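Here is the structure we will look at.
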Amino acid sequence: MKRSKAVGNGRADGGRQAAAACPCGSQRPYGECCAPLHEGAAASDAAALMRSRYSAYALGREAYVLATWHPSTRPPGLDDAAAPRWLGLQIRNHSATGPDTASVEFVARYRVAGRGARLHEVSRFVREDGRWYYLDGEFPAVGG
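In this text, residue positions in the sequence shown follow this note's numbering: the first is -6, and each later residue adds one.
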């Protein structure tokens, strides 16, 4: 996902946030889904990293988004001008493109200033030293 920052403080709220449904849409509790990754566990594959990054955007965990962005393409910070409210994630495709590379096509729904929108991206990921990183993404043509 490109530069944008979600609202929220990204901190565990007692056990309440951990027990709530994970923002990534997995239907699992956050504490059993993306929270372990946000606390330092390695993602099992690029799709798991994509889900955890989406959840981090939704929860305002900017440090996690930046830490999982490959250093060769990582921006110095996130653009918080728009501050979208993330509404849902759909993973359309996940494929290994090599032993340590993968792509994930997704659609993320969000709302900014009362208007709904969609982000459709094909993201590239790379695994280094056993950890997956977001590298960059392309935006398919409308209707693609």
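Cβ atoms here follow ideal geometry from the backbone N, Cα and C, with glycine treated the same way. Given the structure is predicted, the values throughout are model-derived calculations rather than measurements.
Boundaries (first-last residue) of the alpha helix (DSSP H) holding residue i
i	result
Ser65	Counting along the chain, Ser65 falls outside any alpha helix (DSSP H), and DSSP gives it neither H nor E.
Ser183	Residue 183 lies beyond the residue range present for the chain, which begins at -6 and ends at 137; the question has no answer from this structure.
Glu55	55 to 60
Leu71	Element bounds for Leu71: n/a, residue is neither H nor E.
Whole-angstrom distance between residue j and residue i, CA atom to CA atom
i	j	result
Phe132	Ile84	14 Å
Pro68	Ala41	22 Å
Trp79	Ala51	5 Å
Asp93	Asp122	10 Å
Val135	Ala13	34 Å
Arg138	Ala101	Nothing in the structure corresponds to residue 138, since the chain is present only between -6 and 137.
Lys(-5)	Gln20	Any reading at Lys(-5) must be qualified, since the residue scores a pLDDT of 44, below 50, and its modelled position is unreliable; the value itself is stated next. Distance between the alpha carbons of Lys(-5) and Gln20 is about 25 Å.
Arg120	Ala39	8 Å
Ser48	Tyr57	10 Å
Gly107	Gly33	34 Å
Cys27	Gln10	11 Å
Trp125	Phe118	7 Å
Asp129	Thr66	7 Å
Asp72	Val105	14 Å
Gly18	Gly70	26 Å
Arg44	Leu82	8 Å
Asn2	Glu55	The predicted model places Asn2 with a pLDDT of 38, which falls under 50 and marks its position as unreliable, so this point remains unresolved.
Ala5	Glu25	Model confidence at Ala5 stands at a pLDDT of 44, short of 50, so the residue's coordinates are unreliable; what they give is reported in the following sentence. So the alpha carbons of these two residues sit roughly 13 Å apart.
Exposed unless 16 or more other CB atoms sit within 10 angstroms - verdict on residue i
i	result
Glu114	buried
Ala35	exposed
Ser37	exposed
Thr116	Reading off the sequence, residue 116 comes out as Ser, not Thr. The residue in question, Ser116, is buried, as its Cβ has 16 or more Cβ neighbours within 10 Å.
Glu98	buried
Gly109	exposed
Residue i CB to nearest heavy atom of the ligand FAD below 7 Å
i	result
Asp93	The ligand content of the structure shown is nil, which means the ligand FAD is not present either.
Residue of the options minimising C-alpha distance to residue i
i	options	result
Tyr23	Pro29, Gly130, Cys15	Cys15
Closer than 8 Å to chain B by CB, residue i
i	result
Met43	Although the question refers to chain B, the structure presented lacks it and comprises just one protein chain.
Assess contact between the stretch 75 to 94 and the stretch 54 to 65, defined as three or more Cβ pairs (one per stretch) separated by less than 8 Å. Is contact present? The stretch 75 to 94 vs the stretch 54 to 65: no contact.
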